[in-house]
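Colleague: One structure, as structure tokens, below. Some questions next.
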Amino acid sequence: MSELANAAGGRELSYAQAIQEAIAIAMEEDPRVFIMGEDIGVYGGAFQVTGDLVHRFGADRVIDTPIAELGGAGVAVGAALTGMKPIYEFQFSDFATLAMEQIVNQAAKLRFMLGGNVSVPLVMRFPAGSGTGAAAQHSQSLEAWLGHVPGLKVLQPSTPHDAKGMLLAAIDDPDPVMIFEHKILYKSKGIVPEGRYTVPIGKAAVVREGRDLTIVASAIMVHKALAAAEELAKDGIDVEVVDLRTVRPMDRETIIASVMKTGRLVCVYEGVKTLGVGAEISAMIAESEAFDYLDAPILRLGGAEAPIPYNPELEKAVVPQVEGIVAAVRKLARRER
Amino acid sequence: MSELANAAGGRELSYAQAIQEAIAIAMEEDPRVFIMGEDIGVYGGAFQVTGDLVHRFGADRVIDTPIAELGGAGVAVGAALTGMKPIYEFQFSDFATLAMEQIVNQAAKLRFMLGGNVSVPLVMRFPAGSGTGAAAQHSQSLEAWLGHVPGLKVLQPSTPHDAKGMLLAAIDDPDPVMIFEHKILYKSKGIVPEGRYTVPIGKAAVVREGRDLTIVASAIMVHKALAAAEELAKDGIDVEVVDLRTVRPMDRETIIASVMKTGRLVCVYEGVKTLGVGAEISAMIAESEAFDYLDAPILRLGGAEAPIPYNPELEKAVVPQVEGIVAAVRKLARRER
Amino acid sequence: MSAIPKAADVAEAAPQASGGREGDNRPFAFRHFEPAVLKDALRQMHLIRRFEEGAEESYMRGLIHGTMHLSIGQEASAVGICLPLTDTDQITSTHRGHGHCIAKGAEVGRMFAEFFGKETGYCRGRGGSMHIADVTKGNLGANGIVGGGLPIAVGAALSMKMQKRPDVVVSFFGDGANNEGAFHEALNMASIWKLPVVFVCENNKYGMSVSTERSTAVKNIADRAVAYSMPGVTVDGNSLSDVSEASVTAIERARRGEGPTLIECKTYRHRGHSKSDRNRYRTKEEIDDWISKDPIGRFEAELIQYGIVTDGEVEGIRADVEREIAEGIEFAKNSPSPDPSDATRFVYTA
Amino acid sequence: MSAIPKAADVAEAAPQASGGREGDNRPFAFRHFEPAVLKDALRQMHLIRRFEEGAEESYMRGLIHGTMHLSIGQEASAVGICLPLTDTDQITSTHRGHGHCIAKGAEVGRMFAEFFGKETGYCRGRGGSMHIADVTKGNLGANGIVGGGLPIAVGAALSMKMQKRPDVVVSFFGDGANNEGAFHEALNMASIWKLPVVFVCENNKYGMSVSTERSTAVKNIADRAVAYSMPGVTVDGNSLSDVSEASVTAIERARRGEGPTLIECKTYRHRGHSKSDRNRYRTKEEIDDWISKDPIGRFEAELIQYGIVTDGEVEGIRADVEREIAEGIEFAKNSPSPDPSDATRFVYTA
Ligand SMILES: Cc1ncc(C[n+]2csc(CCOP(=O)(O)OP(=O)(O)O)c2C)c(N)n1
Ligand SMILES: Cc1ncc(C[n+]2csc(CCOP(=O)(O)OP(=O)(O)O)c2C)c(N)n1
Ligand SMILES: [Mg+2]
Ligand SMILES: [Mg+2]
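Chains as they are written, first to last, in this note's numbering: chain C, 46 to 382; chain U, 46 to 382; chain G, 53 to 402; chain A, 53 to 402.
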């Protein structure tokens, strides 16, 4: 794979390394870019995303904050309002519950409330998701919350390639962009081009083509969906997998086109099923021109209606797994209208 | 109307008065019940919901807090954990963004995280919605956020009758119950029975029967939907209106039965359309047995993808209005599959 | 001006700030500022007062919907604090922010237009009273969230420092806001990073209906400065001169890179908290007592006493202000409303 | 025990608290507590230490997944603070809460079981290390949110007061937590309402990797007590006796209805922040220096010096603890795991 990678001007990097590379590129290019958060300096970040950036850029541009998420987020907003381009790292997305005021009432609304006279070029990064045995207060997936908020853009890259390209797109963006990074993905590897490139905000990606059924999946679920698709191919069920990539603004065109082709839709996401990302995907399709092409109900596989438990078997049981996806798709694909 | 009211053991009360009556009944019955919040004492509450309760029950049970929503919510959680039954009033639901940590990480999850060893019998009240000219930071509808959180129950009563009955049910409930009260409804009037009664949590209400199409509406939109239904009746379109009443847990049975009867569904809600309450209603139907009965796409009329503007015409333009509902229903009802 | 622990730094710094002749016994402002500046300060105080009275009248006439928070009685604090600021210095303001906005150089016509929800308003009618901002003059905006501006101000100050700009940031907030977590987090960060920011608490004794005695565990808000190792001063917020002295001292300190200061201006709002206030928590005596300490009358009397203005000039200022307000209201009235089809504009830049 | 402003109240209250004979020059704990209590305090300190070492070993052996935060080195603070508490007094704890849990009377077997994710664990395997709670002993739980327990403790104290219970609440938190807004809001409310709560800051010099010098604008966290008009004391957190003296004083004050106290225990964690800590922010010298101040060795030496225990008794305590830990691990290992089909149980009561 590494030869292939070199040919394409890329190398294998982990998702965390890809993010770090994007930050470094942006900070080298633009003195307005800086990063702040808890333990992102000498510690290198709870998930080692910032790594040794503090040694490359100094503690004035890689700023360790006190443990104060509301204030920290507000500082980022104030800096963004006055000429800087901050990146704010939440240590875990769960702690963003302390900062919703600044994110939602201030960052998202300031441009609008001030009649277009300001922009808030701010990037926030949210390590999210379960699977680390860290229990209910360190494992949530809250992308649906921010996806509900006009003024924000909300991303969920699923590969190292996209993690780098979408972060660079986010830093270029004049508006506040929220990036949910699944913690389990940080160590996943993939080919990442060198240097600057961007992956557009608002574009889903068809990561596997298929004729029989569409799975729209987000973040880590993209990989589970792809694994399920391989399994299902053995049964002769040809699944198309769409990587959502952006929760807000959602890529209607790509998803609608896929469903119009396959006639069947399953949404797979880790966040709690009720009012999670898949609710919007489903509702968007059900009111679109794709409705008439639907040959079966729209299924959602989302997180269980429970907090994330500590025990590892319970923890697995509350989020969609490959077997569950396979079973659900099999049932839906065979259903006659 | 007042004769009728007396006959039924009720009187006309405003929505705000109905809530106050529920609080008073609960506080009289149970010394564990108390209410806390900002300016709920001598001021009587920003919307005069608590009125003169402080004079009836004293400042020790009608507690004015400092302006400190995170701390206040946490105090309520701590009291609920240790034998009391607090009611916490947010002055505006927008300020709950400061308290999400305590609501979501603590109140909602404590019972689960502690393996069922505790309950958190807590009621929180959130004055919500637009229409008062208070602009973007005082007009949000965030019920979808809390509807996404397992461990919480989330209510949106639309009438004085339900406001009283659901609040009493919420206070009786052993788990944390979040009640979104639309500010514009506070002065609306309706027949309210005297004394104690409860309206069940988790039950939607068919408030108008019809054959042609189902509107599921929540909070103030129930009234707009009813007005639209009257208008549409003139065209011979017979609309069934379902008052959602509970966002979490959602009443699947009532909504599915209605859609199986009418074959067409429009969801009307004030919160932002994307990932708002209607997304869940739509997705729930699209994956249910009602799917095969659908004769048309599922429409959603939700809030615009923008913060609430100050200017009154703009403010009206960003939330569903009767004319918009009428137009949408007309189009959908006439659509041939 | 009563100092509290740590205020020593302030006291030391003060002499540098105070200009004027040796042996000049007049209050600070009269020693420190040119007569023209002082006259303009009086004009601004009148302009704020009449702006808010004009808003009140407009509300009665149905020209304004929504609510409003008037700062009548608090003008010395807004004007006194902003006296040493330049147009590139920044402020964050509050729900009670008309005074700050005018003191930072905004035009009343565009402010009325915002109040009336017009396209010519500072926020094109999208923000209203609680969000008025004139960023061209360094006003980052009123804020509907109590305490919401505090961390934003710290971020702006970090920004000034990172960009090596000479500018400072002033963050206005109320006594009620001082119990919010945002206050604590903001002051702590400003202090550890030695940022050029001045925190100005306008202590009007009440956060809505709750008195500071009932809400706040310290007597003076400035007493909390100790918890952030920054100077804290409590001043008579109805004395333009006392306020300006604290402001000059704190702003010079901030500009020298020595870090933040907490200033508490003790003052009073003559009106209710907002339009829906039935005033059940203050006595008529208390209100009357404070009206007798009106900051505008006091400053006017001092200006006359020290020979900066004549009675006639005062009349002239009042007449000018009157005209400016009338013109502002006319401008606003005659301005176009936003087009409802534009309701979702300005959500995103791109 | 160094007092800071407002600590006068504490000093005055202290004599009431200290029992024992006239002219007794031994440290407070030796005057105040019965020998049996002191011996049990030593046993608890050993139990905490061995519990965490056992957890570490279990982690190495793959019996535990997830992370863990060890309090090795901080045992005097947990045990000293809880000494005067009854089973109906309440505590809120932190992510580094094993010590608090044991000091408040929990059984190590059920704690290990929780750690191992077993149905017999205190939280039936749903909570894990960061949520262990034994509510039957008044432990409202560890908390994964830094500062999350502070307002909850204030609420519990309000509850005690409303129910006219004689019980008090202790809220443990770290130095890192003292910069959270929740700290400010909680302490302010506790003070204005004079609630029976004691705030105990375990200052181990770092919030994860960031030292208090870099994160906190005051030298001693207890200096912040002034901002809430409550007594604030800083004690040597590695001295069981000093900690217990501050605790007894504060708890008696709380029980008398005189309101909250802020206690700061200066201490140190020997281990990294969590399992993923690569220790890039502390020197070996600093760690070794603190290991030499180990609270268990110190207390043991004092007990022997004052003739409360013999060397042989210490050996006995250690052996007992060893057995208790071994049995606890066995119990946990042999306990059943929850049934995955029960994954959504306990979300709602009804
Ligand atoms: C976070 C938040 N909580 C509550 C409110 C409602 N509210 C608006 S102003 C106010 C009182 C603020 O008091 P203070 O800070 O003293 O300012 P003042 O109104 O006295 O100028 C309250 C409670 C709000 N806007 N934001
Ligand atoms: C609100 C919140 N922010 C950040 C974290 C991540 N985190 C867990 S412990 C910790 C350090 C806490 O420091 P301190 O309060 O001093 O406690 P210590 O770990 O030293 O015992 C951090 C940053 C968290 N759990 N919660
Ligand atoms: Mg005030
Ligand atoms: Mg620490």
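Backbone N, C-alpha and C fix where the C-beta goes; we use that ideal spot for every residue, glycine too.
Predicted model only: the values in this text are computed from it and were never measured.
Please state the DSSP three-state secondary structure of A:Pro67.
Modeller: For this step, residue 67 of chain A is matched to residue 15 along the fourth sequence. The pLDDT assigned to A:Pro67 is 41, lower than 50, so where the model puts this residue is not dependable, and the model offers no usable value.
Colleague: I believe C:Val237 touches C:Leu115 by the beta-carbon criterion, under 8 Å. Please report the beta-carbon distance rounded to the nearest angstrom.
Modeller: For the purposes of this step, residue 237 of chain C is identified with residue 192 of the first sequence, where counting begins at 1. For the purposes of this step, residue 115 of chain C is identified with residue 70 of the first sequence, where counting begins at 1. Actually they do not touch by this definition, with Cβ atoms about 34 Å apart.
Colleague: Figure out for me which residue from U:Leu197, U:Ile108, U:Asp139 and U:Val251 has the closest Cα to the Cα of U:Ser175.
Modeller: Residue 175 of chain U sits at position 130 when you count from the first residue of the second sequence. It is U:Asp139 whose Cα lies nearest to the Cα of U:Ser175.
Colleague: Going by beta carbon distance, what residues of the same chain come within less than 6 Å of A:Ala66, once the five residues before and after it are set aside?
Modeller: Within the fourth sequence, the letter at position 14 stands for residue 66 of chain A. Because the pLDDT of A:Ala66 is 41, which lies under 50, any placement of that residue in the model is unreliable, and the number read from its coordinates should be weighed accordingly. Around A:Ala66: Thr301.
Colleague: On the three-state DSSP scale, how would you describe A:Glu376?
Modeller: Counted from its first residue, the fourth sequence places residue 376 of chain A at position 324. Correct three-state label for A:Glu376: helix.
Colleague: From U:Val304, U:Gln185, U:Val168 and U:Leu258, pick the residue whose C-alpha is nearest to that of U:Ala71; which is it?
Modeller: For this step, residue 71 of chain U is matched to residue 26 along the second sequence. Among U:Val304, U:Gln185, U:Val168 and U:Leu258, the Cα nearest to that of U:Ala71 is on U:Val168.
Colleague: Classify C:Gln62 as helix, strand or coil using the three-state DSSP reduction.
Modeller: Here residue 62 of chain C refers to the residue found at position 17 when the first sequence is read from its first residue. Three-state result, C:Gln62: helix.
Colleague: Quick check on A:Tyr111 - is its C-beta less than 8 Å from some C-beta in chain C?
Modeller: Within the fourth sequence, residue 111 of chain A is the residue found at index 59, counting from 1. Output row for A:Tyr111: interface = no.
Colleague: Tell me whether U:Asp283 sits in a helix, a strand or coil according to DSSP, three-state version.
Modeller: Position 238 of the second sequence, counting from 1, holds the residue named residue 283 of chain U. Correct three-state label for U:Asp283: coil.
Colleague: Relative to ligand 1, is the shortest distance from any of its heavy atoms to the C-beta of G:Gly199 smaller than 7 Å?
Modeller: Walking along the third sequence from the start, residue 199 of chain G turns up at place 147. Yes; taking the cut-off as 7 Å, the Cβ of G:Gly199 has a heavy atom of ligand 1 nearer than that.
Colleague: Who are the near neighbours of G:Glu310 in its chain, counting only those whose CB is closer than 6 Å to its CB and skipping five residues on each side?
Modeller: The sequence position of residue 310 of chain G within the third sequence is 258, counting from 1. Correct list: empty, nothing qualifies.
Colleague: Could you check if A:Gly196 belongs to the surroundings of ligand 4, using beta carbon to heavy atom distance under 7 Å?
Modeller: Indexing the fourth sequence from 1 puts residue 196 of chain A at position 144. For A:Gly196, the shortest separation between its Cβ and any heavy atom of ligand 4 does not lie below 7 Å.
Colleague: In chain order, what residues of the same chain lie with their CB nearer than 8 Å to the CB of A:Tyr111, ignoring the 5 residues before and after it?
Modeller: Along the fourth sequence, read from residue 1 onward, the residue named residue 111 of chain A stands at position 59. Excluding residues within five positions, the ones whose Cβ falls inside 8 Å are Met120 and Lys327.
Colleague: Check whether the stretch 278 to 290 of chain A and the stretch 364 to 375 of chain A are in contact - that is, three or more C-beta pairs closer than 8 Å.
Modeller: Taking a cut-off of 8 Å on C-beta distances, the stretch 278 to 290 of chain A does not touch the stretch 364 to 375 of chain A, as fewer than three cross pairs fall below it.
Colleague: Report the option in G:Phe164, G:Ala155, G:Ile143 and G:Asn195 whose CA atom is closest to the CA atom of C:Leu159.
Modeller: On the first sequence, position 114 is the one that residue 159 of chain C refers to. The option with the nearest alpha carbon to C:Leu159 is G:Asn195.
Colleague: For chain G, is any of its Cβ atoms less than 8 Å away from the one on A:His236?
Modeller: Locating residue 236 of chain A in the fourth sequence gives position 184, counting from the first residue. It does; some Cβ of chain G falls within 8 Å.
Colleague: Please list the terminal residues of the continuous beta strand (DSSP E) segment that includes G:Gln142.
Modeller: Here residue 142 of chain G refers to the residue found at position 90 when the third sequence is read from its first residue. Note, G:Gln142: beta strand (DSSP E), Gln142 to Thr144.
Colleague: Just to confirm the assignment, what range does the beta strand (DSSP E) spanning G:Ser389 have?
Modeller: On the third sequence, residue 389 of chain G is found 337 positions in, with the first residue counted as 1. No beta strand (DSSP E) contains G:Ser389, which DSSP labels as neither H nor E.
Colleague: Counting only the same chain and skipping the five closest in sequence on each side, list residues whose C-beta sits under 7 Å from that of G:Ala60.
Modeller: By 1-based counting over the third sequence, the position of residue 60 of chain G is 8. In this predicted model, G:Ala60 has a pLDDT of only 37, less than 50, meaning its place in the structure is not dependable; the value taken from the coordinates is given anyway. Cβ within range, chain order: n/a, list empty.
Colleague: Could you check whether C:Gly192 and C:Val292 sit closer than 8 Å to each other, using their CB atoms as the reference points?
Modeller: As a working note, residue 292 of chain C is residue 247 in the first sequence. As a working note, residue 192 of chain C is residue 147 in the first sequence. Cβ atoms of C:Val292 and C:Gly192: closer than 8 Å.
Colleague: Check whether the stretch 385 to 393 of chain A touches the stretch 163 to 181 of chain A, counting contact only when three or more Cβ pairs, one atom from each stretch, lie closer than 8 Å.
Modeller: yes
Colleague: Just verifying my parser: in three-state terms, what is the DSSP assignment at U:Asp288?
Modeller: On the second sequence, position 243 is the one that residue 288 of chain U refers to. Strand.
Colleague: What is the residue span of the alpha helix (DSSP H) that U:Lys306 lies within?
Modeller: Looking up residue 306 of chain U in the second sequence gives position 261. Taken as a continuous stretch (DSSP letters only), the alpha helix (DSSP H) holding U:Lys306 covers Arg297 to Thr307.
Colleague: Applying a beta-carbon distance threshold of less than 7 Å, which residues of chain U neighbour G:Pro392?
Modeller: By one-based count along the third sequence, residue 392 of chain G stands at place 340. Those within 7 Å of G:Pro392 in chain U are Glu358, Leu359 and Ala362.
Colleague: If you measure from the CB of C:Thr177, is any heavy atom of ligand 2 nearer than 7 Å?
Modeller: Start at 1 with the first residue of the first sequence, and residue 177 of chain C comes out as number 132. Checking the Cβ of C:Thr177 against ligand 2 gives no.
Colleague: At 7 Å on the CB atoms, spell out the chain G contacts of U:Ala351, in chain order.
Modeller: By one-based count along the second sequence, residue 351 of chain U stands at place 306. Those within 7 Å of U:Ala351 in chain G are Ala395, Thr396 and Val399.
Colleague: Looking at the secondary structure, which residues open and close the alpha helix (DSSP H) in which C:Ala250 lies?
Modeller: Residue 250 of chain C sits at position 205 when you count from the first residue of the first sequence. Following the DSSP letters along the chain, one finds C:Ala250 in no alpha helix (DSSP H) but inside the beta strand (DSSP E) bounded by residues Ala250 to Arg253.
Colleague: Distance, Cα to Cα, U:Gly323 vs C:Lys232?
Modeller: For the purposes of this step, residue 323 of chain U is taken as the residue at position 278 of the second sequence. For the purposes of this step, residue 232 of chain C is taken as the residue at position 187 of the first sequence. Cα to Cα, the separation comes out at about 37 Å.
Colleague: Looking only at DSSP bridge pairs, what is U:Arg345 linked to?
Modeller: Counted from its first residue, the second sequence places residue 345 of chain U at position 300. U:Cys312.
Colleague: Checking the sheet assignment: what are the DSSP bridge partners for C:Thr259?
Modeller: Residue mapping note: residue 259 of chain C aligns to position 214 of the first sequence, counting from 1. For C:Thr259, which the question treats as bridged, DSSP gives the partners C:Glu285 and C:Leu310.
Colleague: Using a beta-carbon distance cut-off of less than 8 Å, what residues from the stretch 274 to 286 of chain A approach chain G?
Modeller: Asp275, Arg276, Val278, Ala279, Tyr280, Ser281 and Met282
Colleague: Any heavy atom of ligand 2 closer than 7 Å to the beta-carbon of A:Arg148?
Modeller: If you number the fourth sequence from 1, residue 148 of chain A lands on position 96. Yes, ligand 2 has a heavy atom inside 7 Å of this Cβ.
Colleague: Could you tell me the alpha carbon to alpha carbon distance between C:Met46 and C:Thr204, rounded to whole angstroms?
Modeller: Residue 46 of chain C sits at position 1 when you count from the first residue of the first sequence. Residue 204 of chain C sits at position 159 when you count from the first residue of the first sequence. With a pLDDT of only 39 at C:Met46, under 50, the local geometry of the prediction cannot be trusted, and no value is derived from it.
Colleague: Spatial neighbours of A:His325 within its chain, please: C-beta separation below 6 Å, excluding the five flanking residues on both sides.
Modeller: Residue 325 of chain A sits at position 273 when you count from the first residue of the fourth sequence. Contacts found: Met260.
Colleague: Under 8 Å by Cβ, that's how I've got A:Arg178 and C:Pro354 pegged, so tell me the actual separation to the nearest angstrom.
Modeller: Residue mapping note: residue 178 of chain A aligns to position 126 of the fourth sequence, counting from 1. Residue mapping note: residue 354 of chain C aligns to position 309 of the first sequence, counting from 1. Confirmed, Cβ separation roughly 5 Å.
Colleague: Smallest Cα separation from A:Phe351: which of A:Glu86, A:Ala93, A:Asn77 and A:Ala274?
Modeller: Here residue 351 of chain A corresponds to residue number 299 of the fourth sequence, with the count starting at 1. Of the candidates A:Glu86, A:Ala93, A:Asn77 and A:Ala274, the one whose C-alpha sits nearest the C-alpha of A:Phe351 is A:Ala93.
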